[in-house]
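FYI, the numbering for the sequence shown is 5 to 614, going by the numbering used here.
Here the structure comes first, spelled out in structure tokens, and everything after it is commentary.
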Amino acid sequence: MDEKIDLKELRKKRKEEEKQKEKEEAILSKERDKVYKEVTEYEKKHKKEPKIAPSDCYVALEHINKIYSNRVQAVYDFNLRIKKNEFIVFVGPSGCGKSTTLRMIAGLEDITSGDLFIDGVYANDLEPKDRNISMVFQSYALYPHMTVYNNMAFGLKMRHVPRDEIDDRVHRAAKILQIEEYLDRKPRALSGGQCQRVALGRAIVRNSKIFLMDEPLSNLDAKLRVQMRSEIVKLHEELGATTVYVTHDQTEAMTMASRIVVLKGGYIQQVGTPKEIYNKPSNIFVATFIGSPAMNIIKAKLSGNTITLQSGFEIEINNERLETLKSYYLNEIESLKSEIKKVEEDKNKAIEKALLRNKEFKELDTKINDNMKEINSLKDEIDTNKFVSKIKELEVVKQNKENDLKNATNDLNNEKSFFLKWSFKKEIKGLNKDIEGLNYDINNLKSNLDKSNDEAFNKDINEKIKTLENENLELGEKIISKKDELLRTLDMNEFNSFDEKVKNLNDTITRYEVLSKNPDGDYLLGIRPEDIAQSNVNNNFVEPSKTFKLKVDVAELLGNEYYVHTKVLDETLLAKVNAITDIKHNDEIELMLDISKIHLFNKDNERLIW
Numbered sequence: 005m006d007e008k009i010d011l012k013e014l015r016k017k018r019k020e021e022e023k024q025k026e027k028e029e030a031i032l033s034k035e036r037d038k039v040y041k042e043v044t045e046y047e048k049k050h051k052k053e054p055k056i057a058p059s060d061c062y063v064a065l066e067h068i069n070k071i072y073s074n075r076v077q078a079v080y081d082f083n084l085r086i087k088k089n090e091f092i093v094f095v096g097p098s099g100c101g102k103s104t105t106l107r108m109i110a111g112l113e114d115i116t117s118g119d120l121f122i123d124g125v126y127a128n129d130l131e132p133k134d135r136n137i138s139m140v141f142q143s144y145a146l147y148p149h150m151t152v153y154n155n156m157a158f159g160l161k162m163r164h165v166p167r168d169e170i171d172d173r174v175h176r177a178a179k180i181l182q183i184e185e186y187l188d189r190k191p192r193a194l195s196g197g198q199c200q201r202v203a204l205g206r207a208i209v210r211n212s213k214i215f216l217m218d219e220p221l222s223n224l225d226a227k228l229r230v231q232m233r234s235e236i237v238k239l240h241e242e243l244g245a246t247t248v249y250v251t252h253d254q255t256e257a258m259t260m261a262s263r264i265v266v267l268k269g270g271y272i273q274q275v276g277t278p279k280e281i282y283n284k285p286s287n288i289f290v291a292t293f294i295g296s297p298a299m300n301i302i303k304a305k306l307s308g309n310t311i312t313l314q315s316g317f318e319i320e321i322n323n324e325r326l327e328t329l330k331s332y333y334l335n336e337i338e339s340l341k342s343e344i345k346k347v348e349e350d351k352n353k354a355i356e357k358a359l360l361r362n363k364e365f366k367e368l369d370t371k372i373n374d375n376m377k378e379i380n381s382l383k384d385e386i387d388t389n390k391f392v393s394k395i396k397e398l399e400v401v402k403q404n405k406e407n408d409l410k411n412a413t414n415d416l417n418n419e420k421s422f423f424l425k426w427s428f429k430k431e432i433k434g435l436n437k438d439i440e441g442l443n444y445d446i447n448n449l450k451s452n453l454d455k456s457n458d459e460a461f462n463k464d465i466n467e468k469i470k471t472l473e474n475e476n477l478e479l480g481e482k483i484i485s486k487k488d489e490l491l492r493t494l495d496m497n498e499f500n501s502f503d504e505k506v507k508n509l510n511d512t513i514t515r516y517e518v519l520s521k522n523p524d525g526d527y528l529l530g531i532r533p534e535d536i537a538q539s540n541v542n543n544n545f546v547e548p549s550k551t552f553k554l555k556v557d558v559a560e561l562l563g564n565e566y567y568v569h570t571k572v573l574d575e576t577l578l579a580k581v582n583a584i585t586d587i588k589h590n591d592e593i594e595l596m597l598d599i600s601k602i603h604l605f606n607k608d609n610e611r612l613i614w
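Spelled out as structure tokens, the structure:
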């Protein structure tokens, strides 16, 4: 009987859990749809704005967002400027958006919103083949039926590069990569390392501006990975290339990069040189992700100039660090004030949307927007410069297509390979269709240009514009009056979540104002394992602490050093110490740490203080 009741209760509980899960998924789906709509609407307006490339970089990613068709967002407001010849490494755990961002640079993924510039050119709408980028994949992506030579030459043949130049480029790349003896072999006769060299060779022969590498070494064994790491860096320097490299391995990032971009959950956590990231991590995620073994994070309490750990061990800090801590809170207050401003802007947008639910208000708003669209459209009809510029742009594209058609036709006549002949025929068909479409567009634009130069046509258009502008002035007065009327009847409870956010932010500001004067309280302390040493061993500590004793939980011997795991209450402390004497489980050892190397993190948001 009890078992039946228990089973009934269990089923009921499961049903409730399923309902709750469905409810949460529905809320999440609604929120994702809302975000997607906002992002795409913004991009639609932003796309029409002039695109000016930053002058101080080679590749620029500005406010890049990526939302997939299922409304899942993979990349959030990604901003990065890459200088010429830099070796940039994107590093982070699986699903952090690093490969997605790389594929957006390559043109293999569409950018939902934001701007991409490559060598001063707006690249969002450029085809992958027009970006002059070479990509190296994790899977090598070699054609199994082709020799190494043909794998490396294939892309050049498809671009109609002369045969002599193809031969020269392939042999030059093979020499750099030391694979000349494998040029007549097929991929199945090569090792993993050799296949990776061929994939690199195929990228090199293109003489591209940028190399993109998506976890190219993850399929190789540990020893070969180390060897290939140094080869890729050497190759990058020899070619004077600009490289963007993706990996989940922080050792690869630290040893290869000129700058590292650390990602988590689609957000950039920190950008900096390996040294900057290691010595000054921006938050606890970066501190524990970069560095092997990971940084120790310990609960700590500050009182005056004394930091006390859970074990009771005390660390004295100087007045300079105390002042840095106070300044940190003053800076945080300014950031929180900016956040409040943004929340208030979001609230005003939400109120505007609520007002649009009123039929009369929406009709007025729609009419004003429609008039503005018509005004802009009419202005375009008499903008002769715009027509001339567009005609010139399309004629350049047409000329390039005609050159490609000529080259493809010549290559088709000279090619013996059935596979390449079929590829060239397909290309020729596509080029003819493109040229036909371009001719149609150019003729239309020329017809519109003739119209825009007509005096009577211009006069008529300007009169229409003036009428619409006067109508919008009248509609504007009506919409302001209607807005005031609706605000008096609007249920403001609908916007409580915004007010709650502002209240919480103001509460935090009040708390931080107190802490900016007296920062006593709970914190998280970080210390790297290599900055902890046995007290009886000579070390190079700048600011040695007092000694403390701990019992060894696990001692891992790695040649000339130990990884010593110890426990303090519910926390684990890992020390990296010299193997001068044997250390075993349950031994008591006396340790000290370098106070100059400790980091303090805010317990609220896990950000670095110092």
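All C-beta atoms in this analysis are idealised placements derived from N, C-alpha and C, irrespective of residue type, glycine included.
Worksheet item: Is DSSP giving Met139 helix, strand or coil here?
Response: To locate residue 139, count along the sequence shown from 1; it is residue 135. Here Met139 sits in strand by DSSP.
Worksheet item: Leu509: which of Thr388, Ser117, Glu338 sits nearest, CA to CA?
Response: The residue given as residue 509 occupies position 505 in the sequence shown. It is Glu338 whose Cα lies nearest to the Cα of Leu509.
Worksheet item: Does the distance from the C-beta atom of Met232 to that of Gln200 stay below 8 Å?
Response: As a position in the sequence shown, residue 232 is number 228, starting the count at 1. As a position in the sequence shown, residue 200 is number 196, starting the count at 1. Their beta carbons are under 8 Å apart, which means Met232 touches Gln200 by this criterion.
Practice prompt. Compute every distance between the C-beta of Phe391 and the non-hydrogen atoms of the ligand FMN, then say whether any falls below 7 Å.
Written response: In the structure shown, the ligand FMN is absent, as is every other ligand, since no ligand is present at all.
Worksheet item: Do the segment 523-538 and the segment 588-605 make contact, defined as three or more Cβ pairs closer than 8 Å?
Response: yes
Worksheet item: Ordered along the chain, which non-local residues of its own chain (more than five positions away) have a Cβ less than 7 Å from that of Arg263?
Response: The count along the sequence shown starts at 1 and reaches residue 263 at position 259. Within the same chain, Arg263 has close Cβ partners Glu90, Ile92, Val275, Gly276, Thr277.
Worksheet item: Hey, Leu221 and Leu204 are a contact pair by Cβ (cut 8 Å); roughly how many whole angstroms apart?
Response: Translated into positions along the sequence shown, residue 221 becomes position 217. Translated into positions along the sequence shown, residue 204 becomes position 200. The Cβ separation is near 11 Å, so there is no contact.
Fill in: Contained beta strand (DSSP E) runs [length at least 3] in the segment 322-401, N- to C-terminal order
none
Worksheet entry | Candidates Leu449, Thr247, Lys303, of which the one nearest Asp632 by Cα | With the chain running from 5 to 614 in the structure shown, residue 632 is simply not present.
Worksheet item: Smallest Cα separation from Arg36: which of Asn362, Glu22, Val76?
Response: Translated into the one-based positions of the sequence shown, residue 36 becomes position 32. Of Asn362, Glu22, Val76, the residue nearest in Cα terms is Val76.
Worksheet item: Can you round the beta-carbon distance between Val572 and Leu554 to whole angstroms, since I take them to be within the 8 Å contact cut?
Response: Position 568 of the sequence shown holds residue 572. Position 550 of the sequence shown holds residue 554. Right, the Cβ-Cβ distance comes to about 7 Å (below 8 Å), so this counts as a contact.
Worksheet entry | Coarse secondary structure for Asp495, derived from DSSP in three states | Counting from one through the sequence shown, the residue named residue 495 turns up at place 491. Residue state, collapsed to three classes: coil.
Worksheet item: Counting Cβ pairs closer than 8 Å, one from the segment 491-500 and one from the segment 350-367, do we hit at least three?
Response: yes
Worksheet item: Residue range of the alpha helix (DSSP H) that Tyr516 falls in?
Response: Here residue 516 refers to the residue found at position 512 of the sequence shown. Segment 500-519, the alpha helix (DSSP H) holding Tyr516.
Discussion item. Here's the rule: buried if 16 or more other CB atoms are within 10 angstroms of the residue's CB, otherwise exposed. What is Gln24?
Written reply: Locating residue 24 in the sequence shown gives position 20, counting from the first residue. Classification of Gln24: exposed, given that the 10 Å Cβ count is below 16.
Worksheet item: Leaving out five residues before and five after His569 in sequence, what residues of the same chain have Cβ atoms less than 7 Å from its Cβ?
Response: Numbered from 1 along the sequence shown, position 565 holds the residue referred to as residue 569. Closer than 7 Å at the Cβ level, and outside the excluded window around His569, lie Asp557, Val558, Thr576, Leu578.
Worksheet item: Rounded to whole angstroms, how far is the Cβ of Ile395 from the Cβ of Leu449, which I believe are closer than 8 Å?
Response: Here the question's residue 395 lines up with position 391 in the sequence shown. Here the question's residue 449 lines up with position 445 in the sequence shown. Contact flag correct, Cβ pair sits at about 5 Å.
Fill in: Every unbroken alpha helix (DSSP H) within the segment 86-174, with a cutoff of 4 residues, ordered by chain
102-110, 152-162
Discussion item. Spatial neighbours of Ile587 within its chain, please: C-beta separation below 7 Å, excluding the five flanking residues on both sides.
Written reply: Residue mapping note: residue 587 aligns to position 583 of the sequence shown, counting from 1. Contacts found: Val556, Ala559, Tyr566, Val568, Ile593.
Practice prompt. Can you check DSSP and say which residues form a bridge with Pro548?
Written response: Looking up residue 548 in the sequence shown gives position 544. Its beta-bridge partners are Asp598.
Worksheet item: Under 8 Å between C-beta atoms, does Val165 make it to chain D?
Response: Structure shown: chain D not included; a single protein chain is present.
Worksheet item: Just curious, the beta strand (DSSP E) that Ser307 is in, first and last residue?
Response: Start at 1 with the first residue of the sequence shown, and residue 307 comes out as number 303. It spans 300-307 - the beta strand (DSSP E) in which Ser307 sits, taken as one unbroken run.
Worksheet item: Touch check for the segment 325-332 and the segment 469-477: three-plus C-beta pairs under 8 Å?
Response: no
Discussion item. As an exercise, report each continuous beta strand (DSSP E) stretch of at least 3 residues that is fully enclosed by the segment 175-219, in chain order.
Written reply: 214-218
Worksheet item: Buried or exposed: which applies to Arg176, given that a residue is buried once 16 or more other Cβ atoms fall within 10 Å of its Cβ?
Response: Start at 1 with the first residue of the sequence shown, and residue 176 comes out as number 172. Per the 10 Å Cβ criterion, exposed.
Item to complete: Quick one: grab the DSSP three-state call for Phe1.
Response: For the chain, the structure presents residues 5 to 614; residue 1 sits outside this window and is missing.
Worksheet item: Under the three-state reduction of DSSP, which class applies to Glu610: helix, strand or coil?
Response: In the sequence shown, residue 610 corresponds to position 606, counting from 1. Glu610 falls in the coil class under three-state DSSP.
Discussion item. Excluding the 5 residues flanking Ala178 on each side, which residues of the same chain have their C-beta closer than 7 Å to its C-beta?
Written reply: Taking the sequence shown and counting its residues from 1, one reaches residue 178 at position 174. The answer, listed in chain order, is Glu184, Leu187, Gly205.
Fill in: Residue of Ile469, Phe422, Ile321 minimising C-alpha distance to Ser381
For this step, residue 381 is matched to residue 377 along the sequence shown. That would be Ile469, whose Cα lies nearest to the Cα of Ser381.
Worksheet entry | Stretch-stretch touch, CB-based, cutoff 8 Å, three pairs: the segment 286-306 with the segment 123-139 | no
Worksheet item: Out of Lys487, Val250, Thr328, which has the shortest C-alpha to C-alpha gap to Val140?
Response: In the sequence shown, counting from the first residue as 1, residue 140 sits at position 136. It is Val250 whose Cα lies nearest to the Cα of Val140.
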